[in-house]
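See below for the structure under consideration.
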Amino acid sequence: IFDQTPAIPENCQWAMFLRNHDELTLEMVTDEERDFMYKAYAKDPKARINLGIRHRLAPLMDNNRRKIELMNSLLFSLPGTPVIYYGDEIGMGDNFYLGDRDGVRTPMQWSSDRNAGFSEANPHTLYLPLILDPEYYYEAVNVELQRRNTSSLFWYMKRIISMRKAFKAFSRGDMAFLPVENPKVLAFTRSYEEETILVVVNLSKHSQPAEVDLKAYLGYQPVEVFSKNRFPAIREENPYFFTLGPHAYQWFRLEKTKSTADEKRGMPQLRLQQWDSIGEPRFLREMETTILPAYFAGRPWFGGRSRTVYSITIAQTIKLPTDAHSVLIFLVEVAYESGLPETYQLAVTYVQTSTGSQLLNSCPEAVLAGLDVDGQPGMLVDAYYLKGVQQMLFGKMASGESMSLDGGSLVFECSDVVSQQLEASPVVQSRIFSGTEQSTSITYNNTLFLKLYRKVEPFANPDVELVRFLTEDAHFQNTPAFRGTIQWEDARGTTVLGMMQELVEHHGDAFDFMQERVNNFIERVLARNTDSLQKLVQAKGTLASPAAYEELPADVQELIGGRVSEQMRLLGIRTGELHKALAERAYEKEFVPEEFSLHYQRSLFSAMQSLVREAYQHLEKKQAHFSDDIREASAPLLGKREELLNRLKRIYTGKLDILKIRNHGNLGLRNVLLTGKDLYINDFGGNTLKAFSERRLKRSPLRDIAQMVCDIYFVTYEGFRYSNHIPPTEFASFLPYIESWAFCVSGFFLRSYLETVEGSAFVPDDPQAREMVLEVFLLERALKHLNRDLSGDTGHAVMPMRIITALLNRATAGITA
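Numbers given in the numbering used here equal positions in the sequence shown, counted from 1, plus 188.
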């Protein structure tokens, strides 16, 4: 077919389709070929029309998902502009008994509502009836259902369309067929400028081998475009070998290896006739395929850095008028190979080269690309880094403005504190300061700060929800007070873009404080004799009843340090007060405590089973590649899988009469601000890798405690591991002191916490039950850290391994006596 296709002008393009709209036309094939296709694809003679077949794609392919995906992969990889007939993107059926071409003209199936959501008319008055075939019935096959299921054909089509848009070679490139001895395998390349895509397709219903001659691409490496997996580089000796499953296809981008090309790309450059044309499809497509993937990959607030990104789409544009060039707030949808899509907020605007150069020097992370507007060179930047935009946001919050814009409303809400400050000081000083992994923050007059969330959802934001509750309902004093929000309201719901809080003057967080204390402890350890250190190792206490600082021998007190004991004691008190505030002053449904149930306790164990399974899979797989210290730490765990499961199983051996409440969800040393006289607990957003709905679940607050205890162990371990005073060859000999110090310090925190919450319904009254629950949650937290470390840098895996071992043995003073 391609050999017979005549050339067309360079400024034209063919239309490519799987079906020619009304029928699959077979006019250009031989009678023998047509007879074979009738037998294969038109088993009922009524499906034939003239010289063609009146079928939609799904019935044509026997509703075989593999075949449907294979055909679409050809549609989007062969030369031409793809044309999709409505309904084929969700696998709609047909009704060829309607005659003529009407069998494929039935109403589009939008939802499971009346008339498939196509019309509100009486069903008898529809021009053509709905599909009633059970296999394709509109209640089972419709857009609404498939939008909810990321494994549906609808989502597959979205991904493959996005992937085609990501490569210019598909739309503009030439095509070259590659010789393959296996006639069931098709291989070809699409090339445009420096971009080459290799496509390999198995047209058989059975797995097939294929050797493809790729000598023309020596030194290149095939990178599978969907998974981003890198395949072995192309060598000269033999043809490249592929193994393809039934009806499988693979798209590869052929990249030059570093040995043959070490290209350094400068800043991407864009051009616009005028700034207002930034919303044009061409420009947005360039943003989605080139600018945003590269920019997002380098941002600490982008949670998908370690995941395979299928596509990045600007789902919504909010145009915010300003005195200069308008600010565009993009709500960017990121789709992944697995899991649900995520939405991120990014505000962009245009600045001239002088301003952009200053930003590039002071805040390089604020610059997305070079941008020429009407011949004026400049830069496309993150608008939140501009002083003018920062002060404009403050002014709108102070006035409580609500703006009706295309598609929804932008609502600025604030307390009287913000407007009073603007009245008292019309000149507002603003600056960017380091936020968290989930946000970018702006301070105002060193008294307020605006936290702009990067990952957003049209759903209740747990950080805003908790801070507002603690400020306005519980009157909890030890978190930065809630002062307002910026919200986008549209048909999908309310999306929180930012939250204003009071700025607490502090001299660092508890993580930095603990690092300093660990360094001081290292100096004391190196200066002390063995007897004093041995007393530290023998320090007694249990999880349910840790030793107080005053109960320890004097030389052990001096070795640990009085400052750290006082701060940990205060942290335990404030954490206990936080949990009591969340449990005792809850009147709204979202905050009312819930009882544990045996069913819930069983589900906790089921989740922990998965953690154990994953941990032992890692241990068995990577044991041979461990360094000596990790192999030594892992040895006591080998063969202990059943014992570990039995320890965890205690969480549901009997009904626990305790409550689940809303809690911090990500309580660690970095979330604690130190003022010198007191401390404040901050950042209630929870694990940013999780969805907002999951972060709002009620759990035992002892999970917060387990997380903080593990954090103390890890910062202690890291302090010793990276200390310049301890040679790597001697590090193992310091492990008993690391664990004993961390045990004592976390014990000060734990003891004051338990004293503060004594009698509360969310903590077991019985000391043995309390110790069991704490131990189980500590094991859970350590297992999560272990799995994360074994998936990445295994050098961090020693401490979680030793925590798990000590809890199993219950003989290491570093955990329990």
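From the three backbone atoms N, C-alpha and C, an ideal C-beta is built for every residue, glycine too.
Residue range of the unbroken alpha helix (DSSP H) whose run includes residue i
i	result
I761	750 to 772
K255	253 to 265
I710	698 to 715
S928	923 to 944
E474	469 to 474
Y910	Neither: Y910 is in no alpha helix (DSSP H) and is coded neither H nor E.
R976	955 to 979
P270	Looking at the DSSP string, P270 is not in any alpha helix (DSSP H); the run it does join, the beta strand (DSSP E), is 269 to 271.
Y226	219 to 229
L581	575 to 587
Supposed contact pair residue j and residue i - C-beta distance, whole angstroms, cut 8 angstroms
i	j	result
L519	I466	With 8 angstroms as the limit, L519 and I466 do not qualify as a contact, their Cβ atoms being about 15 angstroms apart.
V389	Y325	No, V389 and Y325 are not in contact; Cβ-Cβ is about 32 angstroms, not under 8 angstroms.
N875	G856	The pair is not a contact, with the Cβ atoms about 11 angstroms apart (cut-off 8 angstroms).
A364	F376	6 angstroms
L598	L508	7 angstroms
T730	E690	40 angstroms between Cβ atoms; not a contact.
R858	D697	5 angstroms
V800	L832	6 angstroms
F440	V411	6 angstroms
G544	I710	So it is not a contact: roughly 45 angstroms between Cβ atoms.
Same chain, Cβ closer than 7 angstroms to residue i, five either side skipped, listed in chain order
i	result
K444	G407, Y408
E521	T501, A503, P529, T531
T448	At T448 the pLDDT is 34, less than 50, meaning the model places this residue with poor confidence and gives no usable figure here.
L366	A375, F376, T377, V400, D401
E802	N975
S940	R757, G760, I761
E451	Unreliable positioning characterises E451 in this predicted model, as indicated by a pLDDT of 35, which lies under 50. A coordinate reading is not provided.
E369	E399
P194	none
Residue interval of the beta strand (DSSP E) (run including residue i)
i	result
C602	596 to 602
R790	Segment 786 to 810 is the alpha helix (DSSP H) holding R790; no beta strand (DSSP E) there.
F365	362 to 365
M687	681 to 690
K507	497 to 508
T993	Where T993 is concerned, there is no enclosing beta strand (DSSP E), although the alpha helix (DSSP H) it sits in stretches over 986 to 997.
L432	428 to 432
M591	590 to 593
R493	Looking at the DSSP string, R493 is not in any beta strand (DSSP E), and its letter there is neither H nor E.
L460	457 to 460
Same chain, Cβ closer than 8 angstroms to residue i, five either side skipped, listed in chain order
i	result
A999	Note on A999: pLDDT 42, under 50, position unreliable in the model; the coordinate value appears next. Result list for A999: empty, nothing under 8 angstroms.
A482	P456
N337	W343
N277	Looking at the sequence provided, one finds Glu at residue 277 rather than Asn. Hits under 8 angstroms: L341, F342, M345.
Residue i - partner residues in DSSP beta bridges
i	result
K356	According to DSSP, which records beta bridges pairwise, K356 is partnered with nothing at all.
Q334	According to DSSP, Q334 bridges with nothing at all.
K444	Y408
A557	L568
T904	For T904, which the question treats as bridged, DSSP gives no partner whatsoever.
A523	S499
D678	G681
F637	T631, Q689
G535	Residue identity check: residue 535 is Ala in the sequence provided, not Gly. DSSP lists I517 as partners of A535.
M204	P270
K643	Y532
R1006	Only positions 189 to 1005 of the chain appear in the structure, and residue 1006 is not among them; the question remains open.
T673	E601, M687
M351	Looking at the DSSP assignment, M351 forms no beta bridge with any residue, so it has no partner.
E782	K848
Q438	V388
Cβ neighbours of residue i in the same chain (closer than 6 angstroms, five flanking residues each side left out)
i	result
S607	A586
Q617	N633
L556	I479, Y483, L568
L938	P734
S629	F621, G623, F637, K639
I846	F784, F950, P952
R790	Y840
#### Entry: In chain order, each alpha helix (DSSP H) run of at least 4 residues that lies wholly inside the stretch 825 to 896
829 to 837, 880 to 883
### Task
Tell me the start and end of each unbroken beta strand (DSSP E) in the stretch 368 to 422 that is at least 3 residues and wholly inside, in chain order.
373 to 380, 383 to 390, 396 to 400, 408 to 412
### Task
Counting only runs of 4+ residues fully inside the stretch 284 to 344, write out the alpha helix (DSSP H) ranges in chain order.
Whole alpha helix (DSSP H) segments, 4+ residues: 331 to 336.
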